[in-house]
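Reading through the structure tokens given below for one structure.
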Amino acid sequence: MRDVTVVVRGGRIAVVDDARRVRVPADAEVVDGRGRFVVPGFIDSHVHGSGQEQIDLPLFLANGVTTVRDMNGQATLYDWRDRIAAGTLKGPRFVVASSIIDGNPSLLAGLGAPYVEVSDARQAREAVRTAVAGGADFIKVYVRLTPAAYHAIADECRRLGVTFVGHTPDAISLAEASAAGQRSFEHIYTSWFDTSAQEEEIRRRLARITVGAGEFNSWFNQTHPLEVLAARTFDPARARKVFGRLAADGSHQVPTLTQHRVFDLPESVALHDDRLRYLPAATRTGWQGQLEQVYLAGRTPQAVAEHRELFQARVRWIAAAARAGVPVLAGTDTGTAYVYPGFSLHDELENLVQAGFSPMRALQAATSAPARFLGLRDVGTVRRNAVADLAVLDADPLADIRNTRRVHAVVVRGELISAERRERMLSDVEAAASAGALPARLVSCACTPVLQPA
């Protein structure tokens with residue numbers, strides 16, 4: 027819509043109409059929108075909060091991110107969620123996972139992540155019940171679950187009426203997980219094994235992989251040749267069948283291409299990125315350690331070349347899934363190395379457009395689509411009576427998706443963050459980061475080890 031005035035009152039959008047027909051209230055605070063563009067507040071569907079509220083929360087808001095789905099269930103994040111909802115803490119709306127439910131031994135063991143290790147169906151059911159009672163908005167499953175434990179989780183979630191999401195476990199195919207009720211699949215690691223002409227061979231080799239507690243790097247290195255095989259043997263006919271299953275089930279894919287770019291193309295990481303000034307030195311040091319120890323350790327020259335190939339294959343795979351009707355949600359994996367709170371959602375939108383999404387479809391992957399997925403009525407849209415979560419941009423994102431980075435002002439649940447206030451927020455974050463913010467230690471997020479507060 028062109029030449030429109032939007033009036034916000036009491037946390038809701040009161041008017042969206044032709045500017046010539048709108049009488050602006052005399053007491054209104056006016057944002058000059060001439061030459062500017064209004065879009066719904068952005069939703070990042072895959073983040074890991076660091077626990078540093080003076081860093082994370084203002085960076086999300088300053089970048090127009092007004093809702094996040096946090097995959098790192100822990101007490102601090104439940105507290106943020108509840109305080110933000112009550113209006114006693116300024117930040118984006120949070121929807122927060124359970125502690126991660128993984129098999130035994132877990133890749134997360136000994137790394138400080140909020141996880142539960144289950145060995146059988148009974149323990150799996152109990153883990154779900156405990157998580158829901160403890161305040162989790164949804165259940166997150168992980169890599170090393172056994173089929174018995176996984177299906178017990180699925181059944182218990184159905185019984186309790188709670189959504190479960192997460193990684194595709196090694197022992198479960200993507201189609202099987204979708205049929206079981208898993209409604210979002212994070213990243214593109216083992217998920218694409220289903221679409222390979224060599225799936226049976228891949229799964230035989232995958233079943234023989236052994237990893238000890240907390241051995242991320244070993245798991246990455248052992249699954250790497252299977253990923254290469256899957257990428258090189260992509261079968262369009264099999265893919266149509268698998269993607270059709272996901273689309274029919276309403277299962278979503280969250281590709282986190284921003285994180286995959288770091289993992290597959292570490293040479294693309296700008297070690298002097300201007301955004302690093304908003305992060306404490308301890309975080310920057312931890313990120314470099316994660317890059318070297320988790321991603322790059324044991325990577326041969328051949329594997330380096332193969333990872334370049336894999337990134338392009340991941341891009342093609344998510345494009346094929348989207349064309350087949352699989353709903354895609356924009357998520358970043360914020361919290362892992364060189365993936366920035368708030369800023370990196372704009373990287374992900376650019377990645378999606380490079381994968382073949384139109385700018386409009388990329389915007390929908392970060393607004394209306396995740397709002398529907400999360401059951402957030404009246405969010406992710408600009409219309410009368412909708413929640414007033416808005417981003418005011420200095421240039422048209424439909425002309426160039428990179429224009430989403432050009433945030434002028436933000437409205438979060440009806441509260442205006444003006445251009446001047448936004449600049450002050452960023453300055454305050456930079457000062458907090460320079461001062462060290464909170465002490466930190468290397469622990470694990472829900473995906474790979476990351477620096478978080480002690």
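To convert a position in the sequence shown, counted from 1, into the working numbering, add 26. The beta-carbon is built from N, C-alpha and C at its ideal position, and this holds for glycine as well.
Tell me, to the nearest whole angstrom, how far the beta carbon of residue i is from that of residue j; I am working on the premise that it is less than 8 Å.
| i | j | result |
| --- | --- | --- |
| isoleucine 179 | valine 154 | 6 Å |
| alanine 412 | isoleucine 39 | 5 Å |
| serine 210 | valine 280 | 6 Å |
| phenylalanine 219 | alanine 175 | Incorrect: roughly 20 Å between the Cβ atoms, too far for contact. |
| valine 158 | valine 188 | 6 Å |
| threonine 194 | glutamine 285 | Incorrect: roughly 16 Å between the Cβ atoms, too far for contact. |
| alanine 363 | aspartate 70 | Not really, about 17 Å apart at Cβ, beyond 8 Å. |
| threonine 282 | glutamate 212 | 7 Å |
| arginine 264 | alanine 223 | 7 Å |
| valine 438 | leucine 87 | 6 Å |
| arginine 353 | histidine 278 | Residue 353 is actually proline in this sequence, not arginine. About 5 Å separates the two Cβ atoms, so the contact holds. |
In angstroms with no decimal places, state the Cα-to-Cα distance between residue i and residue j.
| i | j | result |
| --- | --- | --- |
| valine 122 | valine 34 | 28 Å |
| proline 251 | glutamine 100 | 34 Å |
| valine 288 | alanine 203 | 27 Å |
| valine 42 | valine 32 | 5 Å |
| alanine 472 | proline 118 | With a pLDDT of 41 at alanine 472, under the threshold of 50, the predicted position of this residue should be treated as unreliable, and no value is reported. |
| valine 94 | phenylalanine 120 | 5 Å |
| arginine 447 | phenylalanine 246 | 43 Å |
| valine 48 | valine 57 | 15 Å |
| glycine 37 | alanine 308 | 38 Å |
| glycine 161 | phenylalanine 190 | 14 Å |
| arginine 109 | asparagine 98 | 17 Å |
| histidine 434 | proline 423 | 13 Å |
| serine 192 | glycine 129 | Here residue 192 turns out to be glycine, not serine, going by the sequence shown. Those two C-alpha atoms are separated by around 13 Å. |
| valine 237 | valine 320 | 14 Å |
| asparagine 429 | threonine 360 | 20 Å |
| aspartate 415 | threonine 114 | 18 Å |
| aspartate 105 | alanine 111 | 10 Å |
| glutamate 225 | glycine 240 | 27 Å |
| arginine 185 | alanine 425 | 46 Å |
| valine 295 | glutamine 248 | 24 Å |
| proline 367 | valine 167 | 23 Å |
| aspartate 163 | arginine 46 | 43 Å |
| valine 455 | arginine 60 | 29 Å |
With H, G and I counted as helix, E and B as strand and the rest as coil, what does DSSP make of residue i?
| i | result |
| --- | --- |
| leucine 355 | coil |
| alanine 348 | helix |
| threonine 407 | coil |
| alanine 461 | coil |
| arginine 119 | strand |
| histidine 213 | coil |
| glycine 192 | strand |
| glutamine 208 | coil |
| histidine 250 | helix |
| serine 124 | coil |
| leucine 302 | helix |
| tyrosine 321 | helix |
| alanine 175 | helix |
| isoleucine 427 | helix |
| glutamine 328 | helix |
| serine 370 | helix |
| histidine 417 | Looking at the sequence shown, residue 417 is not histidine but alanine. Three-state result, alanine 417: strand. |
| threonine 31 | strand |
| leucine 442 | strand |
| glutamate 143 | strand |
| alanine 388 | helix |
| threonine 360 | strand |
| alanine 135 | coil |
| valine 365 | coil |
| valine 433 | strand |
When you measure from the CB of residue i to every non-hydrogen atom of the ligand FMN, does any distance come out below 7 Å?
| i | result |
| --- | --- |
| asparagine 130 | Absent from the structure shown: the ligand FMN. Ligands present: none. |
Alpha helix (DSSP H) segments (min. 4 residues) lying fully within the region 36-112
Entirely contained in the region 36-112, the alpha helix (DSSP H) runs reaching 4 residues are, in chain order, 79-88 and 101-112.
Cβ contact check for the region 338-346 and the region 379-388: 3 or more pairs under 8 Å:
Verdict: yes, contact present.
Would the region 124-143 and the region 81-92 be scored as touching if the rule is three or more Cβ pairs under 8 Å?
Taking 8 Å as the limit for Cβ pairs, the verdict is that the region 81-92 does not touch the region 124-143.
With a threshold of 8 Å, are at least 3 pairs of Cβ atoms found where one atom belongs to the region 385-400 and the other to the region 58-69?
With the cut-off at 8 Å, the region 385-400 and the region 58-69 touch.
Looking at C-beta atoms only, is the number of pairs between the region 259-269 and the region 69-77 that lie closer than 8 Å three or more?
no
Assess, as a yes-or-no matter, whether the region 268-277 is touched by the region 326-333 under the definition of 3 or more beta carbon pairs within less than 8 Å.
no
Closer than 8 Å is the cut-off here; do at least three beta carbon pairs connect the region 223-236 with the region 291-301?
no
Length-filtered (4 minimum) alpha helix (DSSP H) runs lying within the region 268-295:
283-290
Pick out the complete alpha helix (DSSP H) segments inside the region 217-249, 4 residues or longer, and give them in chain order.
225-233
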